[in-house]
Amino acid sequence: MTRIAVLGAGSWGTTFAKVLADAALSNTEATDVVLWARRAEVAEEITSRHTNSTYLGEIALPETITATSDLSVAVDGAEIVVLALPAQSLRSHLGQVRDALAPGAVVVSLIKGLERGTDMRMSEVIAEELGLPDDQIAVASGPNLAMEIAREEPTASVVACRDVAVAERIATACNNHYFRPYTNTDVTGVEIAGIVKNVIALAVGICDGQQLGDNSKASVITRGLAETTRLALKLGGRLETFSGLAGLGDLVATCASPLSRNRSAGRLLGEGLSADEVTQQLTQTAEGMKSGAAVLELARTHEVEMPICEAVVAVLEGKLSVDNIASLLLARDLKAEHPKAAATDAAAAAAHAAEGK
-11 MTRIAVLGAG SWGTTFAKVL ADAALSNTEA TDVVLWARRA EVAEEITSRH TNSTYLGEIA
49 LPETITATSD LSVAVDGAEI VVLALPAQSL RSHLGQVRDA LAPGAVVVSL IKGLERGTDM
109 RMSEVIAEEL GLPDDQIAVA SGPNLAMEIA REEPTASVVA CRDVAVAERI ATACNNHYFR
169 PYTNTDVTGV EIAGIVKNVI ALAVGICDGQ QLGDNSKASV ITRGLAETTR LALKLGGRLE
229 TFSGLAGLGD LVATCASPLS RNRSAGRLLG EGLSADEVTQ QLTQTAEGMK SGAAVLELAR
289 THEVEMPICE AVVAVLEGKL SVDNIASLLL ARDLKAEHPK AAATDAAAAA AHAAEGK
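Each residue of the sequence shown is one higher than the one before, starting from -11 at the first, in our numbering.
Laid out in structure tokens, this is it:
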């Protein structure tokens, strides 16, 4: 029997445990899915009632899922360990994971954030703390609004690992009739896409709160994708990742859906609430509020211009009034939309003119 541990019983962690259990049932594979919940009462409800009413209402969970509030018990003997924890608390849990982790186990990150203070991606934190090679670390990302997937509405996603065979193994483990994973080896690009889209979704939410229209939001989404791509390419990501599910797909879902925590947080900011007041109103973490400063710091370190992220972070830090953000969201000097293409066109025109002479 394959044992899979999912650490984190929030909406996405619980939903992904359901995805795994349903995949095992449809594949008629003997799989034991264990969910770690920080609170004992949540673990008890999942095991006995097969619901997680705090995060997923009365959506029924497969009876094959059990839960525990003991992290070591959850990890012990697991061949796959899935991490669905807040980015800023991941490192503090990894020591206990390391002590219980089975040799050869694959660790899968569902986390879309940068660690503040180090500006490290989650796969980098995992590698550092657990001492794992690339072929034991994978990332799952894409347009993954938890409630829609929990309701079994069809969605596609991406599993990335630098070892394609490992990516295929994890994809098989979560493939079912409503969840279709594709594989990718661009771990850097997939992670950066998932991180920065949260900050862009805050900007779109701010547009909502300021009662700006769809033109404004479409412009922010499109230029936000350009910012994200510039940063990822600088870090070694691949361009094609950003036209796929982890890039454009996740960005559209997070920026467009009222289920998006980051867009909802941005809307509250746009209505004039402070970052602290927004945090108090939210029941779950809006990761863009935590990772925004780290994204901007990473961009500055690598000399990448990210004006939308810069404006959002200024609002979060109280350095910019939200009433003044509209013009800054698209604040760049006049230039070609695609500078490299424009340079190529100019060179071609010059060559053509020279031939004419």
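Glycine included, C-beta positions come from ideal geometry on N, C-alpha and C.
Three-way DSSP call (helix, strand, coil) for residue i in this model
i: residue 340; result: The predicted position of residue 340 is uncertain, since its pLDDT is 48 and thus under 50; no value can be drawn from it.
i: residue -5; result: strand
i: residue 192; result: helix
i: residue 210; result: helix
i: residue 97; result: strand
i: residue 240; result: helix
i: residue 47; result: coil
i: residue 231; result: helix
i: residue 205; result: helix
i: residue 163; result: coil
i: residue 276; result: helix
i: residue 334; result: Any answer about residue 334 is weak, because its pLDDT of 46 lies below 50 and its placement is not dependable; what the coordinates show is given next. Three-state result, residue 334: helix.
CA nearest to the CA of residue i, picked from the options
i: residue 204; options: 117, 244 and 112; result: 244
i: residue 81; options: 118, 184, 42 and 180; result: 118
i: residue 310; options: 166, 226, 196 and 292; result: 196
i: residue 277; options: 299, 91 and 224; result: 299
i: residue 157; options: 143, 166 and 172; result: 172
i: residue 74; options: 135, 30 and -2; result: -2
i: residue 275; options: 30, 287, 135 and 253; result: 253
i: residue 128; options: 286, 101 and 116; result: 101
i: residue 348; options: 104, 64 and 77; result: Outside the shown range of the chain, which is -11 to 345, sits residue 348, and nothing can be said about it.
i: residue 151; options: 143, 174, 142 and 15; result: 174
i: residue 187; options: 43, 141 and 209; result: 209
i: residue 31; options: 14, 267, 62 and 305; result: 62
Backbone CA spacing between residue i and residue j [nearest angstrom]
i: residue 4; j: residue 11; result: 10 angstroms
i: residue 219; j: residue 18; result: 42 angstroms
i: residue 110; j: residue 71; result: 10 angstroms
i: residue 33; j: residue 24; result: 12 angstroms
i: residue 53; j: residue 99; result: 21 angstroms
i: residue 198; j: residue 256; result: 10 angstroms
i: residue 160; j: residue 229; result: 21 angstroms
i: residue 165; j: residue 312; result: 46 angstroms
i: residue 223; j: residue 112; result: 13 angstroms
i: residue 331; j: residue 39; result: Caution applies to residue 331, whose pLDDT of 49 falls short of 50 and renders its modelled position unreliable; the model cannot decide the point.
i: residue 227; j: residue 233; result: 13 angstroms
i: residue 296; j: residue 184; result: 10 angstroms
i: residue 280; j: residue 29; result: 33 angstroms
Rounded distance between the beta-carbons of residue j and residue i, thought under 8 angstroms
i: residue 169; j: residue 154; result: That belief does not hold up - the Cβ atoms of residue 169 and residue 154 are roughly 13 angstroms apart, past 8 angstroms.
i: residue 132; j: residue 189; result: With 8 angstroms as the limit, residue 132 and residue 189 do not qualify as a contact, their Cβ atoms being about 13 angstroms apart.
i: residue 9; j: residue 22; result: No, residue 9 and residue 22 are not in contact; Cβ-Cβ is about 10 angstroms, not under 8 angstroms.
i: residue 47; j: residue 148; result: At roughly 27 angstroms, the Cβ-Cβ gap does not stay under 8 angstroms, so residue 47 and residue 148 are not in contact.
i: residue 177; j: residue 237; result: No, residue 177 and residue 237 are not in contact; Cβ-Cβ is about 13 angstroms, not under 8 angstroms.
i: residue 6; j: residue 49; result: 5 angstroms
i: residue 181; j: residue 216; result: 6 angstroms
Residue(s) in a DSSP beta bridge with residue i
i: residue 170; result: 146
i: residue 108; result: 103
i: residue 20; result: -9
i: residue 41; result: Paired residue(s): none; residue 41 is not in a bridge.
i: residue 129; result: 146
i: residue 55; result: 23
i: residue 68; result: -8 and 94
Closer than 8 angstroms to chain D by CB, residue i
i: residue 130; result: Within the model displayed, chain D is absent; a lone protein chain is all it includes.
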